[in-house]
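Some notes on the structure that comes next.
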Amino acid sequence: MATASEKEMNVSSEPGFTPPKEVVIRCSRWTPSVGGKPAVKEYKVPYSQGMTVLDALLYAKENIDASLSFRYSCRMGICGSCGMLINGRPMLACETQIKELPPGPIETEPLANYDTIRDLATDFTDFFAHYRFVKPYLIRADKDDQEKPAKQYPQTEKDRLKYLQFSYCIMCGLCDAACPPVAMDPKYLGPQALAAAFRWIADSRDEGRAERAETVDHEHGCWQCHVAMTCSVVCPKGIDPALGIQMLKRLLILKRL
Ligand code: FES
């Protein structure tokens with residue numbers, strides 16, 4: 009029978025999980041600016057209760073190899089910095105507990121569809137450029153009012169629910185890493201930017217629908233989406249970017265009619 013402390017930590021009392029003594033974590037190592045090719049380096053890390061993949065990487069960096077590079081900040085699924093491929097799937101390292109993964113070595117690689125800066129850290133320059141391109145802010149017809157708003161813009165709960173899930177995005181980029189059209193066309197805006205465009209178009213306070221629609225209605229915009237749905241599967245916040253993109257297509261078709 010599990011002890012009180014084991015119950016509290018939800019470790020050995022959890023069916024199907026036997027805490028390992030150590031975790032083997034295999035990391036892709038490469039600095040493209042220096043040259044060479046990606047190599048895999050393996051680190052053995054002592055397991056502790058509740059350990060996440062980010063915890064294991066931090067242990068390896070602090071105790072075994074200080075040159076190992078990866079990005080993180082909040083350690084609680086808020087900042088969106090720690091995205092990487094974990095056993096081949098785009099995931100947040102800080103939100104992925106070791107006990108959720110199959111037994112055996114854990115493979116970590118940089119996110120697909122992004123250039124690698126070093127090891128597990130990727131370049132988000134294009135990702136943020138695509139986001140800025142769709143004008144992700146409230147647009148008002150009165151520009152003076154937009155620059156210096158003098159009042160609040162009330163909104164009903166029903167109107168808020170039309171875009172609410174899309175406002176939960178933490179911009180971790182996992183959706184773009186899982187998206188087949190992003191892999192084929194680097195200029196494609198991608199699910200994150202397109203879902204953001206829908207978030208603002210669907211906001212009852214926004215008056216920039218026509219202006220913003222132009223940013224997504226082109227060969228690298230929403231029509232590139234093949235509805236693979238992988239973006240929605242990997243989103244750590246439960247957002248459905250694929251839905252937002254289909255809603256954008258619907259709006260554009262209605263506009264043309
Ligand atoms: Fe902030 Fe993982 S470190 S989301």
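In terms of the working numbering, the sequence shown opens at residue 9 and continues consecutively.
For every residue, glycine included, the Cβ atom is placed at its ideal position computed from N, Cα and C.
On a predicted model such as this, the values are computed, not experimentally measured, just so you know.
Extent of the continuous alpha helix (DSSP H) run through residue i
i	result
Ile253	Pro249 to Arg264
Ser56	Element bounds for Ser56: n/a, residue is neither H nor E.
Arg217	Arg217 to Val224
Glu155	Lys151 to Glu155
Proximity winner among the options, relative to residue i (alpha-carbon distances)
i	options	result
Met99	Ile178, Asp211, Ala203 and Phe206	Ile178
Gly216	Tyr80, Ala203 and Lys143	Lys143
Ala158	Thr164, Glu165 and Asp150	Asp150
Pro199	Tyr176, Tyr171, Lys245 and Gly252	Gly252
Ile72	Lys49, Gln57 and Arg79	Lys49
Met255	Val190, Thr238, Lys245 and Phe174	Phe174
Ala137	Gln160, Ala74, Pro194 and Met237	Pro194
8 Å contact criterion, which residue i and residue j should meet: CB distance rounded
i	j	result
Tyr139	Ala201	5 Å
Leu197	Phe141	7 Å
Ile94	Ala68	With a Cβ gap of about 14 Å, Ile94 and Ala68 do not count as contacting.
Ala221	Lys263	7 Å
Leu119	Cys90	The Cβ separation is near 10 Å, so there is no contact.
Asp214	Leu260	Actually they are not in contact, since the Cβ atoms of Asp214 and Leu260 sit about 16 Å apart, beyond 8 Å.
Ser36	Asp127	6 Å
Pro188	His234	7 Å
Thr104	Thr60	6 Å
Val241	Ala186	7 Å
Lys52	Glu30	5 Å
Residue interval of the beta strand (DSSP E) (run including residue i)
i	result
Pro114	As written in the sequence, residue 114 is Ile, which differs from the Pro given in the question. Ile114 to Glu117 is the extent of the beta strand (DSSP E) around Ile114.
Ser240	Looking at the DSSP string, Ser240 is not in any beta strand (DSSP E); the run it does join, the alpha helix (DSSP H), is Thr238 to Val242.
Ser36	Glu30 to Arg37
Below-9 Å beta-carbon distance, residue i vs any chain B residue
i	result
Ala149	The chain labelled as chain B is not found in the depicted structure, where only one protein chain is given.
Closer than 7 Å: residues whose CB approaches a heavy atom of the ligand SAH: No copy of the ligand SAH appears in this structure; the ligands present are the ligand FES.
My parser needs the alpha helix (DSSP H) runs of 4 or more residues fully inside the stretch 158-211; what are they? Positions of the alpha helix (DSSP H) runs, each at least 4 residues long and wholly inside the stretch 158-211, are given as 165-169, 182-185, 188-192 and 198-209 in order along the chain.
Entirely within the stretch 70-148 and at least 4 residues each: give me those alpha helix (DSSP H) ranges in chain order. Counting only runs of 4 or more, we get 133-141.
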